[in-house]
Amino acid sequence: MSRWRVCLYSPADLNRVIGSSIWVQSVAETLHAGPDVDVVLPLRAPERSRLITDKIRRLPRVTLVDPRRQRRFVPATGLYAAEALDLIETLDHERAFDAIVLRTFALCLAAIARPALRDRLWSTYILEPERDITDPGHVAELTAIATASRYVVVQSEEMRALFEAAVSAGRGKTIILPPAIPSVGSDGVPTTLPAPASRLFYAGKFHPFYPVPRMIDFLEALRPDYPDLEFHAIGDEIFRPTGAEAWGDDLERRLTGTEGVVWHGAVARDEVIRLLSEGGIALSLWDYGHGSTMNDLVVSTKLLDYCLAGVPVILNRTAAQATILGADYPLFVSSPDEALPLIRRLLGDPVLYRAAADRCRAAAEAFSYPRAYAGLAPYLEERPHPARHLAERPKLAGSGCRIGLVVPPGAVAVPAPALEAFRDARAAIDSVFLVIGVLPAPGAPDPEPGRDPAAALRAGLPDDLAPFISLRTIVDPWNWWRTLGVVLSLQEGAGDHDGGVAHALELARASGAVIVTSAKELVEAVRAGARALPA
Amino acid sequence: MPYRYTPADDRTLERPDIRASNGTPPGPWLHQMSGGWRWLWNRQIGPLPRIRLAAGVLASSVKEPGRWRSLPIDFATALLAPIRVPGPPAPPVTARDWSPERTAAAARLRQAAQRWATGEPEISSFAVIAEAGDLAVWGRSSGLIELRPEDWAVVLEHAEAAGTLPNALLVTSTNAGNHGAWAYRLGQIAHPDAFLQHDVAALVAWFADRGLPSIFLVTDHGADAVAEWGSVARLFDLVLAPSETVAAGFSARPDRQGIEARVSSRPADLGEIRTALEAVA
């Protein structure tokens, strides 16, 4: 039986309990969920605290590599990127890796300069909110990474859409690895939800983007009515830029001197879950005055921990978080100031508390380690046709009423039978829309906005149908199929699919679209699709 | 371009703006000692966190005999090495100044209002992206050019050559504008077409290059209208919102390229857009 050997490295210092070090633990657990996967994890810095490394060490197929293997004395700052890559190459030379998972933009940019690593490089989370994705220089670097990598790994569907919008070289090789958490019932996670309790929680670093001072204000505002209310703060990384330490100093004074605040400091992840499982309200608030809106696309590990513990979470409404919890989750806010009345409601309404907690716990179940690994397995285990797996993406709302038709490159007219079939479909359901996709000629550049060569086919469209037909050169089939529920495939003769049409239809099938070959089937599929797929 | 690694690049691997709590800022020992018990818990220099760290190393090593060999150095490292090492300061982040774009947007709006005020042209003509219902209503009183993603540039250039250039670009907050042609290109949708707004940005720029204004009409009254449409609305010269609250939300975006949003109800007639523009100017 094949075994898969994976190197996982992040420049996060695992002596510090911060999001990026917890991410390393999470990914090690995710990969370990694959029964045939062995993980090698070089450490950046020698161990001083084992809150995180002890949890990784108990995984039998994960091997931690001491950085002193690369140099005799490693300072507290740890290995430089070049030294870490040297160590990875040494380990690879001893026994080859099947995949090398590296996190951060800077590290991956350094790694692509090493030809020995490129063909197995999984460049992970290289989109960083602190960097400007509209800067042409940065996009060129991202393009270089995407071109040289086997896969680019992002953490959410939204992040993938952003990356593929900015970096065309990422189309067809960007895969998703969301943050992952233990399954309910494992690692001390209780199966039952905790009872409501007069506690507010925040876990994470202390940075102005996370308005912890405001959360302490909430505590002080509520304590006259709820004298037993406590605010539990977990973490000990405080933002102190040189020359502007006042924010951190003030916060630390409030954390240590405010009645009702319990500051736990750095705590292992399972201990965080245990604390949360005692019940309370979690606060995951963001202040965009101090952070990029790219954070809207981020799936917060902290949020998943809150959800796993079964406590209701008050959080900013973002695209990614609405996807996780549902657009109708009752505890979304647009700004941190909106949280106070919601806290008051939750403290006085156990029904709302329980409903929100149920929703959070249900959302967490989709991010367990085994499920996260299942998303990676087709790419790691090199199952046939990874391109088809990339096409298996969720359909977008409204796709049920959209019909696709693929024509080969150089087509001069839309097949008349297809137009007739579409006319019949519109007679049955007048909300259907036809999208004609023209396959690009090999080597052709991407069309400029508003000048798609596919538009030349519009001249032959009948007037009654033309307003409801769109034409497009298919430069990104993986995302194109997400917008279509039904695909019309009309063979004009045996073996008549050419120019890549057959391959395009395979991707359509992998995407979950219904392939129909006649007008009658089209009408039936559209009727069914309009009911079954997101409207 | 070939990448050339230098050790300075490693600074980006740290989050230099994050440093651990120090209890009190680094300073004279006397100042810290005067903090009394607080000094003992100082996470950088106090003995108790360090003892706790070393005890943790000892405890975890005792559990696994295979690690006893490295116990002395691990224990010494825990006792002697700094718990946190501050990194270099983060490079300053300068927010982009959008005032030139806003000034230019105001000028385009003013010029358009002046042209309309002098009765030129007599009949308004708009290039639009809107829902079918709005297209039907507005088309009765105004000339409309319904744009499509695949050929809007060609269509507009033909209109320009024929002397029938529209007076302005008007886009509404719709998920399926122009009979579905613009589906998945506007709003908060997890699809590349809706990110970075390449199509809409090019369209707005086309009009701006010709001194013509662009208007985004928000017809969404929901609480999430700003979150849903803000990233595309910010490209336009003028945003018309259904309420003061929504208008304030759009105006608050630091990266908006137009003037502050105004309140306007959904027009039954595009002449109302002209009126709104004249009021703005």
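Just so you know, the protein sequences line up as chains A and B, in that order.
Heads up: the first sequence begins at 99 in the working numbering, then just goes up one per residue.
Heads up: the second sequence begins at 904 in the working numbering, then just goes up one per residue.
Note that the Cβ used here is the ideal one computed from N, Cα and C, for glycine as well.
So, is the C-beta of residue 927/B closer than 9 Å to a C-beta in chain A? Because the pLDDT at residue 927/B is just 30, under 50, the model does not fix this residue reliably, and the point stays unresolved.
Residue 960/B touches chain A at which residues, Cβ-Cβ below 9 Å? Simply 145, 146, 147 and 148.
Check whether the Cβ atoms of residue 1142/B and residue 1165/B lie closer than 9 Å to each other. For residue 1142/B and residue 1165/B, yes; Cβs fall inside 9 Å.
Just checking: is the beta-carbon of residue 1070/B within a distance shorter than 9 Å of some beta-carbon in chain A? No, residue 1070/B lies away from the interface with chain A (no Cβ there is under 9 Å from its Cβ).
Write down the C-beta distance between residue 248/A and residue 220/A rounded to the nearest angstrom, noting that I regard them as a contact closer than 8 Å. About 6 Å; that satisfies the 8 Å criterion.
Among 129/A, 560/A and 371/A, which one has its Cα closest to the Cα of residue 102/A? For the residues 129/A, 560/A and 371/A, the minimum Cα distance to residue 102/A belongs to 129/A.
Consider the Cβ of residue 965/B: report whether some Cβ of chain A lies at a distance smaller than 9 Å. So no, residue 965/B is outside the interface.
At 4 residues or longer, what runs of the alpha helix (DSSP H) sit wholly inside the region 101-152 of chain A? If we require 4 residues or more, the alpha helix (DSSP H) runs fully inside the region 101-152 of chain A come out as 117-130.
Within the continuous beta strand (DSSP E) that includes residue 1090/B, where are the two ends? Note, residue 1090/B: premise wrong, no beta strand (DSSP E); not H, not E.
Every unbroken beta strand (DSSP E) inside the region 1121-1183 of chain B [3 residues or more]: Complete beta strand (DSSP E) runs here, min 3: 1141-1144.
Using DSSP with H/G/I as helix, E/B as strand and the rest coil, what is residue 1098/B? Coil, per DSSP.
Taking residue 1162/B as the reference, give the member of 1116/B, 1100/B and 1079/B with the closest Cα. The shortest Cα separation from residue 1162/B among 1116/B, 1100/B and 1079/B belongs to 1116/B.
When DSSP labels each residue in this structure, what does residue 1085/B get in the three-state scheme? Coil.
Three-state secondary structure assigned by DSSP to residue 384/A: In the displayed model, residue 384/A falls within coil according to three-state DSSP, outside both helix and strand.
For residue 932/B and residue 425/A, what's the separation of their Cα atoms in angstroms? Bear in mind that a pLDDT of 39 at residue 932/B, under 50, signals an unreliable position, so the model cannot answer this.
Of the residues that make up the region 562-589 of chain A, which ones have a beta carbon closer than 7 Å to any beta carbon in chain B? Correct list: 565, 566, 568, 569, 570, 574, 577, 580 and 581.
Secondary structure, beta strand (DSSP E): runs of 3+ residues fully inside the region 276-356 of chain A: With a minimum length of 3 residues, the unbroken runs of beta strand (DSSP E) contained wholly in the region 276-356 of chain A fall at 297-301, 328-332 and 335-337.
At a Cβ threshold of 9 Å, is residue 1181/B touching chain A? No, no contact with chain A.
Nearest-angstrom Cα separation, counted from residue 605/A out to residue 591/A: Confidence at residue 591/A is low in this model, with a pLDDT of 43, below 50, so the placement of that residue should be treated as unreliable; the coordinate-derived value is given next. The alpha-carbon separation between residue 591/A and residue 605/A amounts to approximately 21 Å.
Could you check if residue 430/A is buried or exposed, using at least 16 other CB atoms within 10 Å of its CB as the buried criterion? Around the beta carbon of residue 430/A, 16 or more other beta carbons lie within 10 angstroms, which makes this residue buried.
Minimum Cβ-Cβ distance from residue 549/A to chain B less than 9 Å: Using a CB distance cut-off of 9 Å, residue 549/A counts as an interface residue toward chain B.
Residue-chain proximity (residue 977/B, chain E), Cβ-Cβ < 9 Å: The structure shown contains no chain E; the protein chains it does contain are A and B.
Under three-state DSSP, which class holds residue 1021/B? Coil, per DSSP.
Could you spell out the range, first to last residue, of the alpha helix (DSSP H) harbouring residue 223/A? Careful: residue 223/A lies outside any alpha helix (DSSP H) and carries neither H nor E.
Under 9 Å by beta carbon: chain B residues contacting residue 531/A: The answer, in chain order, is 1079, 1082, 1083, 1084 and 1086.
Would residue 1134/B pass as an interface residue toward chain A - the criterion being a Cβ-Cβ separation below 9 Å? At least one chain A Cβ lies under 9 Å of residue 1134/B.
Rounding to the nearest angstrom, what Cα-Cα distance links residue 622/A and residue 256/A in this structure? Looking at the backbone, the Cα of residue 622/A and that of residue 256/A are separated by about 32 Å.
What residue ranges within the region 174-249 of chain A form continuous alpha helix (DSSP H) runs of no fewer than 4 residues, ordered along the chain? List check, alpha helix (DSSP H) in window: 179-192, 203-209, 213-216 and 234-246.
Hey, how far is the Cα of residue 1058/B from the Cα of residue 450/A? Using only the alpha carbons, I get a separation of about 54 Å.
Taking its Cβ as the centre, do 16 or more other Cβ atoms sit within 10 Å of residue 304/A, making it buried, or is it exposed? Residue 304/A comes out buried.
Looking only at DSSP bridge pairs, what is residue 1117/B linked to? In the DSSP output, where bridge partners are listed per residue, residue 1117/B has 1072/B.
Using only CA atoms, which one of 242/A, 252/A and 106/A lies nearest to residue 418/A? Of 242/A, 252/A and 106/A, the smallest CA-CA separation from residue 418/A is found for 252/A.
Answer with buried or exposed for residue 1021/B, where buried requires no fewer than 16 other C-beta atoms within 10 angstroms of its C-beta. By the Cβ neighbour-count rule, residue 1021/B is exposed, with fewer than 16 other Cβ atoms within 10 Å of its own.
Under 9 Å by beta carbon: chain B residues contacting residue 432/A: The contact set of residue 432/A on chain B, defined by CB atoms closer than 9 Å, consists of 1126, 1127, 1129, 1130 and 1152 in chain order.
Using a cut-off of 9 Å between C-beta atoms, extract the partners of residue 496/A located in chain B. Residues of chain B passing the Cβ test: 1078, 1079, 1083, 1086 and 1087.
Going along the chain, which residues of the region 414-426 of chain A sit with their C-beta nearer than 8 Å to a C-beta in chain B? Those would be 415, 416, 417 and 421, in chain order.
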